[in-house]
Structures are given as C-alpha cells and as structure tokens.
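Peer 1:
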Amino acid sequence: MKRVLIIAGSDSGGGAGIQADIKTVTALGAYAATAITAITVQDTEKVHAVHPVPDEVVADQIRVVLNDIGADAIKIGMIGTRGAGEAILKALAPWPDIPLIFDPVLVATSGDALGDDSVAALIRDEFLPRTTILTPNVPEAEMLTGLVIHDTDGFAVACAKLANMGATGIMAKAGHLTGDPVEDFYFEAGRRTVFSHPRFVTRNTHGTGCSLASAIAAGVAQGMSRPEACRRAVAYVAAAIKHAPGLGKGHGPINHALIEGEDGSFRPR
Numbered sequence: 009m010k011r012v013l014i015i016a017g018s019d020s021g022g023g024a025g026i027q028a029d030i031k032t033v034t035a036l037g038a039y040a041a042t043a044i045t046a047i048t049v050q051d052t053e054k055v056h057a058v059h060p061v062p063d064e065v066v067a068d069q070i071r072v073v074l075n076d077i078g079a080d081a082i083k084i085g086m087i088g089t090r091g092a093g094e095a096i097l098k099a100l101a102p103w104p105d106i107p108l109i110f111d112p113v114l115v116a117t118s119g120d121a122l123g124d125d126s127v128a129a130l131i132r133d134e135f136l137p138r139t140t141i142l143t144p145n146v147p148e149a150e151m152l153t154g155l156v157i158h159d160t161d162g163f164a165v166a167c168a169k170l171a172n173m174g175a176t177g178i179m180a181k182a183g184h185l186t187g188d189p190v191e192d193f194y195f196e197a198g199r200r201t202v203f204s205h206p207r208f209v210t211r212n213t214h215g216t217g218c219s220l221a222s223a224i225a226a227g228v229a230q231g232m233s234r235p236e237a238c239r240r241a242v243a244y245v246a247a248a249i250k251h252a253p254g255l256g257k258g259h260g261p262i263n264h265a266l267i268e269g270e271d272g273s274f275r276p277r
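If you want it as structure tokens, here you go:
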C-alpha cells in the first residue's frame, strides 16, 4: 500500500482539511498519515476560529512519520502561519526527493481567510521550488502571481509564471471561471492537458480543493504519471460533487465515499 503524508489543518465539520484528505486517500486505495498544522472551529457556514498547533509540534509530527512509516508522496494544505511553514520546510529538508503536492490554501470556500500575505510570500519564495504539483484555484493563482485572471488563457499565463517560480507542474482549478463545461487543466513545460467536466450548480462544494490535491497525491504515490493522477483526481472530485449528501446550512461537504469503476468513472458506495 502506497503512503501519503498529509500536512494540513483539521476541519471540525469533516468536509475539508485533514478529514477530507484522509477520506480521499483511503477511498483511492492509499494509506494516509497526518501532521496537523491547526485546529479550526468550522462548519459549513464559516470558520469560527483557528487554533494553530505549535510550530515544533507540527515539525515533530512530520519527522516521526517519515522516520517510521515513510511516504511515497506528501500533500500540504493549510499552513496557517509563517512560523509553521518554516518549521515544515525544515522538517522536510532531509527528504528532498519525495514528490510534494501543494494546495495553496489561503481562503476557505466560505470566504474566511486561512493565511495572510506573509504565508503567501513564503509559498512563493520557499515552497514553490520544492513543489511537484501546485493546485491553485483562480483567487489563489491571482494572489500568488499578482495577475488578474479572466479566462483559461489568462490562467495559463499565471501558470507559466508559477512554473518560473519553481513549481514543476500546476493543476489549474477553473471552477471560478465562467462557462460549462468547466475546463480544469494540468500545466507543465508550457503545455496544457485539459480535463472537462459538467458545471454543477450547487452549494455543496466544501472541501473540493483539499480533496483534489489529496487525490492527486494518492495517484502520484501509486506511480501514476502526473497528468494521469490529475485526470483521476478531477473525475473523483466531480463525482463527489455530483453525489454530495446535502449536509449543513452553508457550503455542504462533497461525498468522499466513492468507488472507481473499470471505465475510470466513480459512483457512490
């Protein structure tokens, strides 16, 4: 069984963060270990509070997991604070060759901030050169590049800039753009691999970004090529949105309990 170390915050509502990551990696047949960066008081409507885990505790979780269990891929989500980010980088330094899938979590689906400008700067300056696949949505790509993105071509320009900052590949999440179908794409070496899927008009999208990055990490850990890992991840998350259980009063969680068919499609368990 291939191993994924997830470094991210906890979501008490269970729809995003560590909880979504564990569910996703498990559904796709890999093993999930974790290092929790923050505990959020969160439901489908908002992030009520964020309680950072001490930096040294974040680093120690990473060290003991990698020294004992190891990892075939690492997924990073919410860092929380610059201090935590610096601790993560230091803890990962002895393992430079493990593929890193980075979801630059700066704003929750509800619109609540989960990282400030200093965290964004640390991502740009320190994490991108270590990143195998970056998974930004439009607002995150704009925040990291300073560009304004209106369409997929503009998103590709932003991806090129992110690649110049050091990221090997970028999985561009295009849900914030208009149009149906949604055309997400994987960008590497100036080329786009497009993954089209229907646009679902729904409030149940909580945890989509976390789940996509973790699904990619599971695929990379399992030896898939980067574009193929992204293709499967997009299919998984699209199906999870389609079959969302409709929980909560706000942005409801998606349905992580899916099974992959022989044709590569996903259905509920």
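Counting in my numbering, the sequence shown runs from 9 upward without gaps.
Think of the CB as a built atom: it goes at the ideal place given N, C-alpha and C, for glycine as much as any other residue.
(1) I need the boundaries of the beta strand (DSSP E) containing Glu-191, first residue and last residue.
(2) Considering only residues of the same chain and omitting the five flanking positions on each side of Thr-153, which have a CB-CB separation below 6 Å?
(3) If I follow the unbroken beta strand (DSSP E) through Thr-213, where does it start and stop?
(4) With a floor of 3 residues, list each beta strand (DSSP E) that falls wholly inside the segment 36–88, ordered by position along the chain.
(5) On the three-state DSSP scale, how would you describe Glu-232?
(6) Alpha carbons only, please: which of Asp-125, Ile-96, Thr-42 is nearest the one belonging to Gly-78?
(7) For Ala-92 versus Asp-63, is the C-beta spacing smaller than 8 Å?
(8) Thinking just about the alpha-carbon of each residue, which of Gly-22, Gly-88, Ile-70, Val-72 is nearest to the one in Val-283?
(9) Is Leu-220 helix, strand or coil when you go by DSSP?
(10) Less than 8 Å between C-beta atoms, sequence neighbours within five positions excluded: which residues of the same chain meet that for Ile-70?
(11) If you check the beta carbons only, do Lys-10 and Ala-38 fall under 8 Å apart?
(12) Mind checking His-259: buried by the 16 CB within 10 Å criterion, or exposed?
(13) Assuming Thr-201 and Pro-147 are in contact, meaning their beta carbons sit under 8 Å apart, how far apart are those beta carbons, in whole angstroms?
(14) Compare the Cα-Cα distances from Asn-145 to each of Ile-178, Leu-130, Asn-172 and report the closest residue.
(15) Strictly by DSSP, which residues pair up with Ile-141?
(16) Check whether chain C comes within 8 Å of Ile-82, counting only Cβ atoms and requiring the distance to be less than that.
(17) CA-CA distance, Arg-90 and Ala-241?
Peer 2: With the given structure in hand:
(1) 190–196
(2) Ala-166, Lys-169
(3) Here Thr-213 belongs to no beta strand (DSSP E), and DSSP marks it neither H nor E.
(4) 39–50, 55–60, 81–84
(5) Going by the sequence as given, residue 232 is Met instead of Glu. Coil at Met-232, not helix or strand.
(6) Thr-42
(7) yes
(8) The question about residue 283 has no answer here: the residues shown for the chain are numbered 9 through 277.
(9) helix
(10) Leu-13, Ile-15, Ala-43, Ile-96, Ala-99, Leu-100
(11) yes
(12) buried
(13) Not a contact, Cβ separation roughly 22 Å.
(14) Ile-178
(15) Ile-109, Gly-177
(16) Among the chains of the structure shown, chain C does not appear; only one protein chain is present.
(17) 29 Å
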